[in-house]
Structures are given as C-alpha cells and as structure tokens.
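Residue numbers (the numbering used here), protein chains in the order written: chain V, 75 to 205; chain S, 212 to 375.
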C-alpha cells in the first residue's frame, strides 16, 4: 500500500525544469568542445606516431651504417695502437667495446634528433596551416 | 554508438534523466542540470567503447549516480535544501514549494538510499538492475530500499492521497 503510494508520488513527479532547447544547446556546445579536444589529441597522436616511425627508420639506417663502419673504426683504433701512445694501449684492451659505444652513441643521437626535428616540423606545419 | 545516435538518444531521454537528478538533488534543478550535462559529456566520451546498447540507459544512470555521489562528496551537507529555502526566483519557488515536502523527505535519506528509492520507484528498475547501476550487492540494495521506506514513512502518512 505504502509502496504503491510512494510509486505514484514519484512517478507523478514533474518538477519545473529549464527548457529542453536550452539544455540541449548547452550540451551540444559542450560536445563540440569535446570533439575539438578529441581532434587535437588525435592530431597530436598522429604527429607522435610519425615522429616515432621516422626515428625508428633513422635508427635502423644508423644501425646498418654502424655495422658497416665497425670494421673500419676497429682498424683505425688498431692503427692508433701501432703509434704506441698510452691512450692507445688502453684502447687496445677495450677496443671493440669503445668502438661499439661510439657507434651506439652516434646512433642514439641521430635517432633522437630525427624524432625531435619531426615533432618540431609537424608542429610548425600545423601552426602554418592554422594561419 | 556514433555521435548522431547519441544525440538522438539524449534528445528523447534527457528529460527523464533531469527529472531523476532533480529528485536526487532534492529540488535543486540548476545543480541537477549541471550533473546531467556532466553525465552526458562523460557518456559521450566513453560511448565509442560501449557495446551493449540494450543496457545503454542503465549505463547512463550509473554514470549519473556516480557523478552525483562525487559531487555530493565535494559539497557541504544539505546545500541544495538550504539554497532552495532561501531562493527567490519565481520559477524555482513554484517548483520547490510544490514539492517542498517531497524534497524535505528525500533529504532525510542518505544518498545511497535516495538513489535506490528513486531508481526503484521513479524509474522502475528492479533490485538486480539497481545493484548493477550502483555497484552494490542485491542485499545492500534491498536494505537501502527498506531503510529508505522507513525514513519516508512520516512523509507518506502526511500525504494521504499520494499527491503533492
């Protein structure tokens, strides 16, 4: 009995509310803003993806170049050892490690630089197209 | 669900959601509208990943309840009623006085009890559905409904004809 009365009261409940049009236009404005933010985030994601792809490509090319350079670098170190300096003697012990470290550092620097430059250029392209 | 269908859904169901939130906010229709907007924006952001379209309405009510609870946490207790008591706007005054007793009675309930009572008696959800919406167990919902009814007993005896 009480439950029925409660149900009747709550189902009859019709408070005065702002007009539907006002509510919907406010909501649509918010949804447009959300859409805009979503688009910008998507653009940013696309730019990041491009930068990552280019950086990976640069890293791959660097890897190949390094692999090709490695014997030459080792040969250069051996030549230095033949010259007989103290530094060269140190290098003799760790020759291949030093050569690999140099090549890794060079590859990392190139990869990061490509990533950075791609991001910078794509940001500039977006700014330019916005103007 | 794409954007067009979402807007279509909102257009036909927003009034029901706002009515529910107005009762949940004890008559503060401005706050209810803000919560409805927040709910629908949250739903819009997540609707791409929502697959079970048959349960879309329950899902919207779940977001609405969570939005209400988190808003309630960040506000001081009983602010809606105290605001309603001292407001001066003609439109708000009419609606508030029309349902003054109902709002006062609902304000006596805890947010969880109020949510369960409104979902069950106003929106017609079953106990199991309310449990799904509020994230409580069915036992807990039954208890909330029973306690809510107890708290509303006084209000119901003052309303012999089931009217306003």
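From the three backbone atoms N, C-alpha and C, an ideal C-beta is built for every residue, glycine too.
Own chain residues within Cβ distance below 6 Å of residue i, not counting five before or after
i                      : result
residue 274 of chain S : 250, 253 and 254
residue 189 of chain V : 125 and 129
residue 184 of chain V : 132 and 136
residue 100 of chain V : none
residue 355 of chain S : 323, 324 and 327
Cα-Cα separation between residue i and residue j, rounded to whole angstroms
i                      : j                      : result
residue 363 of chain S : residue 77 of chain V  : 10 Å
residue 368 of chain S : residue 84 of chain V  : 15 Å
residue 136 of chain V : residue 147 of chain V : 15 Å
residue 156 of chain V : residue 116 of chain V : 58 Å
residue 366 of chain S : residue 313 of chain S : 7 Å
residue 283 of chain S : residue 192 of chain V : 47 Å
residue 150 of chain V : residue 172 of chain V : 12 Å
residue 113 of chain V : residue 346 of chain S : 33 Å
residue 127 of chain V : residue 92 of chain V  : 51 Å
residue 337 of chain S : residue 315 of chain S : 25 Å
residue 443 of chain S : residue 108 of chain V : Absent from the structure is residue 443 of chain S, since the part of chain S shown begins at 212 and ends at 375.
residue 81 of chain V  : residue 123 of chain V : 56 Å
residue 90 of chain V  : residue 240 of chain S : 8 Å
residue 110 of chain V : residue 194 of chain V : 22 Å
residue 299 of chain S : residue 281 of chain S : Confidence at residue 299 of chain S is low in this model, with a pLDDT of 43, below 50, so the placement of that residue is unreliable and no value is reported for it.
residue 256 of chain S : residue 244 of chain S : 18 Å
residue 267 of chain S : residue 198 of chain V : 42 Å
residue 311 of chain S : residue 318 of chain S : 11 Å
residue 196 of chain V : residue 186 of chain V : 15 Å
residue 94 of chain V  : residue 350 of chain S : 37 Å
residue 104 of chain V : residue 218 of chain S : 12 Å
residue 261 of chain S : residue 202 of chain V : 37 Å
residue 357 of chain S : residue 341 of chain S : 14 Å
residue 96 of chain V  : residue 361 of chain S : 38 Å
residue 142 of chain V : residue 174 of chain V : 12 Å
residue 86 of chain V  : residue 286 of chain S : 29 Å
residue 88 of chain V  : residue 238 of chain S : 11 Å
residue 213 of chain S : residue 106 of chain V : 14 Å
residue 259 of chain S : residue 271 of chain S : 14 Å
Neighbourhood of residue i by C-beta distance below 7 Å, restricted to the same chain and skipping five residues each side
i                      : result
residue 120 of chain V : none
residue 343 of chain S : 269
residue 221 of chain S : 251
residue 353 of chain S : 338
residue 333 of chain S : 231 and 234
residue 169 of chain V : 148 and 151
Own chain partners of residue i with C-beta closer than 8 Å, once the 5 adjacent residues on each side are dropped
i                      : result
residue 359 of chain S : 320, 324, 325, 327 and 328
residue 140 of chain V : 177, 178, 180 and 181
residue 301 of chain S : Model confidence at residue 301 of chain S stands at a pLDDT of 44, short of 50, so the residue's coordinates are unreliable and nothing is read from them.
residue 247 of chain S : 225, 228, 229, 232 and 275
residue 279 of chain S : 232, 235, 236, 246, 322 and 326
Near the ligand MN: residue i beta-carbon under 6 Å from a heavy atom
i                      : result
residue 140 of chain V : Among the components modelled here there is no ligand, and therefore nothing to report on the ligand MN.
If contact means a Cβ-Cβ distance below 8 Å, which residues of the stretch 354 to 367 of chain S contact chain V? Correct list: 360, 363, 364 and 367.
Interface positions of the stretch 245 to 276 of chain S facing chain V (Cβ-Cβ less than 7 Å), listed along the chain: Those residues of the stretch 245 to 276 of chain S that come within reach of chain V (Cβ to Cβ, closer than 7 Å) are 248, 251, 252, 255 and 256.
In chain order, what residues of the stretch 80 to 106 of chain V put their CB closer than 8 Å to some CB of chain S? So the list reads 80, 81, 82, 83, 84, 85, 86, 87, 88, 89, 90, 91, 92, 94, 97, 98, 100, 101, 102, 104 and 105, given in the order they occur along the chain.
At a CB distance below 8 Å, what residues from the stretch 308 to 331 of chain S approach chain V? Give them in sequence order. Of all residues in the stretch 308 to 331 of chain S, only 309, 310, 313, 328 and 329 place a beta-carbon less than 8 Å from a beta-carbon of chain V.
Contact residues within the stretch 110 to 124 of chain V, judged by C-beta distance below 7 Å to chain S: Residues: none.
Which residues, in chain order, does the stretch 213 to 224 of chain S contribute to contact with chain V at a C-beta distance below 8 Å? Within the stretch 213 to 224 of chain S, the residues whose Cβ lies closer than 8 Å to some Cβ of chain V are 214, 218, 221 and 222, listed in chain order.
Compile a chain-ordered list of the residues in the stretch 129 to 142 of chain V whose CB is closer than 9 Å to at least one CB of chain S. Result list empty, no residue passes.
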